[in-house]
Ligand code: GDP
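Here is the structure:
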C-alpha cells in the first residue's frame, strides 16, 4: 500500500485528493490544526479511512513527528494561507505559513525519509507581473504581493532540494482553480452563489471590485488529478497546471447570471473597498509540459465550470 501524507487535507484540493488516493487504495494521512472537527469538513464521509495528525503548520516539531511516524512514500504539501488579498494585511503570517513551513517540511523529509516523493503546491502568483504570457516553467519569478513572495520562496527551495540533494521534489504551479468546495471569499464562488441567491430571492445585490481583473481559471478536480500524475512521473520536475486561457471577472458574472436567467446589470455594484492594492498582470499558464509529459488534460472548460458552480449553489441554497 502506498502511504501518502497531505498537509492542507481539509481544504478544497486536499479533500479531492483524498478521494482520488483512497480510490487508488492508498493509505492516507493528513496534517490538521489541533481541535479540527472533521465532521464539519469536506472529509466527513472519509474520516475513518484517514490517519489524522494534529499540529500547526508553523510547529516544526509536530510536522517532524508526523513525518517520522508515517514514513510516507508521497507527500502533498497543500497547506497555506490561501487568500492573496488577505496577505497584504498579514505579511508575516503569510511568509511563515506559505514560505518557511515549506522549507521546514523539505528539511524534515531530507532527514527523515529522503526517498519520499514531495509535491509543493506552488502558485501562479510567483510570476506576479511576468514579461511573457503565457508563462511556463522557465518564466522568472516576480511576485507582487506577500502571498506570491512566500510561494516564490517555497518554490525555489523545492527546486533547490531537487537539484542540490537529488531528491524527488516537484513544484505544481497552480493557476486559479475552483469547485463547489471553495469558500465565498474567492470571486467565482462569490459570484455564482450570489447569482443563485438572487434567483431564489435570498439576496438583492452583489458588490464586486475590479470586474476587468483577469485570471486563468480551472476546475479543482482537474488540477488535483494533475498533482497525483506529477508524483507518478519517473523524474521529478516542475509542472504548470492551468487552462491556458485568460478570462475576466465580468465573464464569470455574465455566465453565472445567464445561467439563472437574470440581468446582471440590475444587481451588480462596484465597490472601491474591494479593489486590491496591486493586481498581477496577464497570469495565464501554458500547460504544455504537463500535457506532453503527464498526458494531463482538463475535462471541464471555463464556461462549464461557472455553470456547474452556479447549479451547485442553486442546489445548496434551495435545501
Ligand atoms: P486570487 O487570484 O487568489 O486573488 O483569487 P480571487 O478569486 O480572490 O480573486 C480573483 C480576482 O478577482 C482578483 O483580481 C480580484 O481583484 C478580483 N475581484 C473582483 N471583485 C472581487 C471580490 O469581490 N472578491 C474577490 N475575492 N476578488 C474580486
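In the working numbering, the protein residues as written are 8 to 326.
Beta carbons: idealized from backbone N, C-alpha and C, even for Gly.
The ligand GDP heavy atom lying under 7 Å from the CB of residue i
i, result
"residue 141", "no"
"residue 222", "yes"
"residue 183", "yes"
"residue 197", "yes"
"residue 283", "yes"
"residue 286", "yes"
"residue 215", "yes"
"residue 135", "no"
"residue 200", "no"
"residue 192", "yes"
"residue 256", "yes"
"residue 92", "yes"
Proximity of residue i and residue j at Cβ, strictly below 8 Å
i, j, result
"residue 78", "residue 10", "yes"
"residue 229", "residue 306", "yes"
"residue 185", "residue 316", "yes"
"residue 24", "residue 53", "no"
"residue 256", "residue 218", "yes"
"residue 321", "residue 275", "no"
"residue 135", "residue 149", "yes"
"residue 284", "residue 12", "no"
"residue 166", "residue 178", "yes"
"residue 90", "residue 189", "no"
"residue 211", "residue 205", "yes"
"residue 38", "residue 58", "no"
"residue 126", "residue 83", "yes"
"residue 291", "residue 233", "no"
"residue 64", "residue 86", "yes"
"residue 74", "residue 103", "no"
"residue 129", "residue 20", "no"
"residue 144", "residue 247", "yes"
"residue 66", "residue 35", "no"
"residue 121", "residue 164", "no"
"residue 81", "residue 181", "no"
"residue 289", "residue 140", "yes"
"residue 4", "residue 117", "Any answer about residue 4 is impossible in this case: the structure gives the chain only from 8 up to 326."
"residue 312", "residue 226", "yes"
"residue 43", "residue 17", "yes"
"residue 298", "residue 215", "no"
"residue 269", "residue 202", "yes"
"residue 194", "residue 259", "yes"
Limits of the beta strand (DSSP E) - the one that residue i falls within
i, result
"residue 84", "81 to 84"
"residue 130", "124 to 130"
"residue 11", "10 to 14"
"residue 213", "213 to 215"
"residue 179", "176 to 181"
"residue 60", "57 to 61"
"residue 34", "34 to 39"
"residue 247", "245 to 248"
Beta-ladder partner(s) of residue i, from DSSP
i, result
"residue 158", "Paired residues: none, contrary to the question."
"residue 276", "214"
"residue 185", "226"
"residue 92", "None; residue 92 has no bridge partner."
"residue 292", "142"
"residue 221", "255"
Start and end residues, alpha helix (DSSP H) containing residue i
i, result
"residue 262", "256 to 266"
"residue 296", "295 to 301"
"residue 114", "108 to 119"
"residue 67", "67 to 77"
"residue 19", "19 to 30"
"residue 316", "309 to 325"
"residue 100", "98 to 102"
"residue 205", "194 to 206"
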